[in-house]
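Below: the structure, in structure tokens.
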Amino acid sequence: MERLDGKLLSAKIKDEVKAGADSYKQTPILAVLTIGDDEASKVYVENKRKACEYCGMSMMHFDYADCVKESVVIKKIKELNKDKSVNGIILQLPIPKRFNTKKILNTISPDKDVDGLTDISQGKIMGGNATFIPCTPKGILEIFDHYKIDLEGRHVVVIGRSDLVGKPIMLECINRNATVTMCHSKTKDLKKYTKDADVLIVAVGHKHLIDKSMIKEGAVIIDVGITRIDGKIYGDVNPDVEEKASYVTPVPGGVGPMTVAMLLKNTFIGYKKQNNIED
Ligand code: NAD
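Just so we're on the same page, the working numbering is the position in the sequence shown counted from 1, plus 176.
Structure follows, in structure tokens:
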């Protein structure tokens, strides 16, 4: 069994982005909007700020209170869309339920949608020609590439059907010629599917939902889940799978750090496109 080391790989990617960003005159800028008081979001945004600084990018943070009017947030996004110095815009999720998340997200210009969550970006994934693949699925694809995990003809089982992770990774795996099964909260007899997975991608948010009795010998296990209990972080997969799997992403230190690295990579893609810089 080999651990798929997202920490090491993300450090390498951040250094590549840093090297690229260093060679251009203007500083790439990522704008982050937050609404409300989500504790986990505060940690994620701080991590994004540090990662931006490390790579020679700048992060602008627009932090709105719970009581902000939706129109104020939308107006700010429209301003950022027009601002030529801003290369990427993200709305940190989750936001309070009273807001129309889709409407706010779809205000972001597809050219600056570095989280890949607008309808236009999501549709482009369907066509296999996305400019911005959402950061977590993109991070998983980078792991596959780095560790030379070929998906062609293999059975990939995805658990979780969110726009953020499950659906885009399902489509990207199909684009890589995998046979894909999508499971979710209404799937009956989950084990029937997981037992047959050559590659199992779990994005649910349920501590240790999957254990070794549910996987195939030699399977590749990608654990996206993050559950915080008493200050400790748990994945969706019980570490006992290491007895049977060929590859496993640890939690923490697997998919998580890759997500931040991919946000930087996407912002840099935005920067290059907006400044007509060829690769
Ligand atoms: P979500 O809440 O939007 O979706 C969860 C999905 O899990 C749903 O589609 C639901 O149908 C499915 N589900 C729920 N219970 C299930 C069950 N018992 N069996 C099968 N499926 C079930 O979540 P999300 O935004 O995709 O995030 C999923 C998890 O991944 C969360 O823990 C989140 O914190 C984590 N996450 C981690 C990263 C990272 O960088 N590591 C990034 C994004 C999300």
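In this text, a Cβ means the ideal position worked out from N, Cα and C, and glycines have one as well.
For the segment 340-390, the full-length alpha helix (DSSP H) segments reaching 4 residues or more read 342-351, 366-370 along the chain.
Nearest neighbour of K278 by Cα position, chosen from I391, I386, V249, V262, turns out to be V249. Non-local beta-carbon contacts of F308 in its own chain, meaning distances under 6 angstroms to residues more than five positions away in sequence, involve D289, V290, G292, S297, N442 in chain order.
Cα atoms of D416 and S389: separation of roughly 9 angstroms, rounded to the nearest angstrom.
For I398, the enclosing beta strand (DSSP E) has its first and last residue at 396-399. Excluding its 5 nearest sequence neighbours in each direction, T370 has C-beta neighbours in its own chain below 7 angstroms: V333, L376, I386, M390, I391, listed in chain order. Between N305 and L327, the gap from beta carbon to beta carbon reaches 8 angstroms or more. Boundaries of the alpha helix (DSSP H) harbouring V219: 215-230, taken from the DSSP string. As computed with DSSP, T403 is found in a beta bridge with Y410.
CA-to-CA, the gap between K314 and R274 works out to about 30 angstroms. In this chain, the beta strand (DSSP E) harbouring T210 covers 205-211. Closest option to G407, judged by alpha-carbon separation, among E215, R330, L209: E215. Following the DSSP letters along the chain, one finds I445 inside the alpha helix (DSSP H) bounded by residues 431-450.
Three or more Cβ pairs closer than 8 angstroms define a contact, and the segment 201-215 meets that threshold against the segment 230-237. Put simply, the backbone Cα of I402 is about 35 angstroms away from that of D259. Relative to the non-hydrogen atoms of the ligand NAD, the Cβ of A379 comes within a distance shorter than 7 angstroms of at least one. For the ligand NAD, a non-hydrogen atom lies closer than 7 angstroms to the CB of H382. For the set G381, D287, D239, the Cα lying nearest the Cα of V413 is the one of G381.
With a cut-off of 7 angstroms, the C-beta of C359 is classified as near the ligand NAD, since at least one heavy atom of the ligand falls inside that distance. The secondary-structure analysis by DSSP pairs D239 across a beta bridge with T210.
Taking non-hydrogen atoms of the ligand NAD into account, the C-beta of I301 is found less than 7 angstroms away from none of them.
Spanning the alpha carbons of T210 and R225 requires a straight line of approximately 13 angstroms. Around the Cβ of N263, a 10 Å sphere holds 16 or more other Cβ atoms; the residue is buried. By alpha-carbon distance to K362, the top candidate from I350, G336, N351, C349 is G336.
In terms of Cβ geometry, D191 and Q450 do not form a close pair [threshold 8 angstroms]. Nearest neighbour of L185 by Cα position, chosen from S261, Y323, D339, G446, turns out to be Y323. When DSSP states are grouped into helix, strand and coil, G196 belongs to the helix group. For I309, there is no enclosing beta strand (DSSP E), as DSSP marks it with neither H nor E. Contact between T425 and C311 fails: their C-beta atoms lie close to 15 angstroms from each other, not under 8 angstroms. Of the candidates I271, K254, N223, the residue whose Cα lies closest to the Cα of V244 is I271.
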